[in-house]
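Numbering (the working numbering), first residue to last: 752 to 1030.
Note that CB positions come from ideal geometry on N, CA and C, so glycine has one too.
First up is the structure itself, then whatever we jot down about it.
Written out as structure tokens, the structure is:
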């Protein structure tokens, strides 16, 4: 007999409880956490310096002394390197892997439905040289030009997710900006001849940068749920890298666990009952 366990992960309440402690952190620690997160995400090129102390102080609305303390810690941890006369540069980080692998079979319709039921604002759409970390994940040579898009999804006028996507250039150029505003991205990818069959996904938590906070209508440094997904088509080609940041007060992750019987062992498998991921 098959045993079914229904589990609701209330990520929002768990992270929300941490918000009260966030304001107790020193400002330099909050700046450090956000910059560390951005460095690990490959936001900064290894060939261009980070903003100077004055620019960072203005961005985070803190003193230059606060920025100096944050940068000192990043330097100690080997995340940045100060070069005399040139500025401070981010050091390339090792490739990260996603510990969770999930089939999209049977769930693709849910992902598309979410895209149709929400409103999207296209913040940025460019074709740029992708960071080395993105090239590795997308199985492309270093220096490859890809489409980078930033979108914000809203429900009833309230923004709930900030999405940064990378697509192979040939897929990105198969549709227009207007089509990207009107259609779920998975629909456009499949229309370009790449049926989506599988994804690797990881879920963690991150802090809101000033730019993301403004778009999501929250305060800088507030915790966000972070979803990273690498999507592949039926022949195994990686067709999308998506990094989503979600307001915890607008998001719940629902999963159903099935206890499957097999000849070798009993294993637990998961399947979404209400998918909160974006396309």
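Inter-residue Cα distance where the pair is residue 987 and residue 935: In the chain shown, counting from the first residue as 1, residue 987 sits at position 236. In the chain shown, counting from the first residue as 1, residue 935 sits at position 184. Answer to the nearest angstrom: the Cα atoms are 21 Å apart.
Check whether residue 967 and residue 892 have beta carbons under 7 Å apart: Here residue 967 refers to the residue found at position 216 when the chain shown is read from its first residue. Here residue 892 refers to the residue found at position 141 when the chain shown is read from its first residue. The answer is no: Cβ separation not under 7 Å.
Buried/exposed call for residue 931, threshold 16 Cβ in 10 Å: Here the question's residue 931 lines up with position 180 in the chain shown. The residue is buried, with at least 16 neighbouring Cβ atoms inside 10 Å.
For residue 813, three-class secondary structure by DSSP: Start at 1 with the first residue of the chain shown, and residue 813 comes out as number 62. Three-state result, residue 813: coil.
Nearest residue (CA-CA) to residue 780, options 972, 833, 979 and 982: Against the chain shown, residue 780 aligns to sequence position 29. The residue with the shortest Cα to Cα distance from residue 780 is 972.
Beta-carbon contacts of residue 846 that lie in its chain and below 8 Å, excluding the five residues immediately before and after: Sequence index remark: in the chain shown, residue 846 carries index 95 (1-based). Confidence at residue 846 is low in this model, with a pLDDT of 46, below 50, so its placement is unreliable and the value that follows should be read with caution. Excluding residues within five positions, the ones whose Cβ falls inside 8 Å are 884, 887 and 888.
Residue 812 burial status per 10 Å Cβ neighbour count (16 or more: buried): Counting from one through the chain shown, the residue named residue 812 turns up at place 61. With fewer than 16 other Cβ atoms within 10 Å, it is exposed.
Residue ranges of each alpha helix (DSSP H) within the region 873-905, 4 or longer: 883-888
Buried versus exposed call for residue 816 [16 or more other C-beta atoms within 10 Å across all chains shown]: Sequence index remark: in the chain shown, residue 816 carries index 65 (1-based). So residue 816 counts as exposed.
8 Å contact criterion, which residue 956 and residue 976 should meet: CB distance rounded: Taking the first residue of the chain shown as 1, we reach residue 956 at position 205. Taking the first residue of the chain shown as 1, we reach residue 976 at position 225. Contact flag correct, Cβ pair sits at about 6 Å.
Pick from 903, 785 and 951 that is closest to residue 933, judged by C-alpha positions: What you label residue 933 is simply residue 182 of the chain shown in a count that begins at 1. The option with the nearest alpha carbon to residue 933 is 903.
Range of the contiguous alpha helix (DSSP H) that encloses residue 945: In the chain shown, counting from the first residue as 1, residue 945 sits at position 194. Here residue 945 belongs to no alpha helix (DSSP H), and DSSP marks it neither H nor E.
Limits of the unbroken alpha helix (DSSP H) element including residue 793: In the chain shown, the residue the question calls residue 793 occupies position 42. Per DSSP, residue 793 belongs to no alpha helix (DSSP H) and is neither H nor E.
According to DSSP, residues forming a beta bridge with residue 915: Indexing the chain shown from 1 puts residue 915 at position 164. Residue 915 pairs with 901 and 994.
Outcome for residue 991 when other beta-carbon atoms lying within 10 angstroms are tallied against a minimum of 16: The count along the chain shown starts at 1 and reaches residue 991 at position 240. Buried, since its Cβ has 16 or more Cβ neighbours within 10 Å.
Three-pair Cβ contact test at 8 Å for the region 833-840 versus the region 782-800: yes
Opposing strand residues paired with residue 840 [DSSP bridges]: For the purposes of this step, residue 840 is identified with residue 89 of the chain shown, where counting begins at 1. DSSP, once it has assigned bridges, lists 832 as partnering residue 840.
In DSSP terms, what residue 984 is bridged to: As a working note, residue 984 is residue 233 in the chain shown. Residue 984 is bridged to 947.
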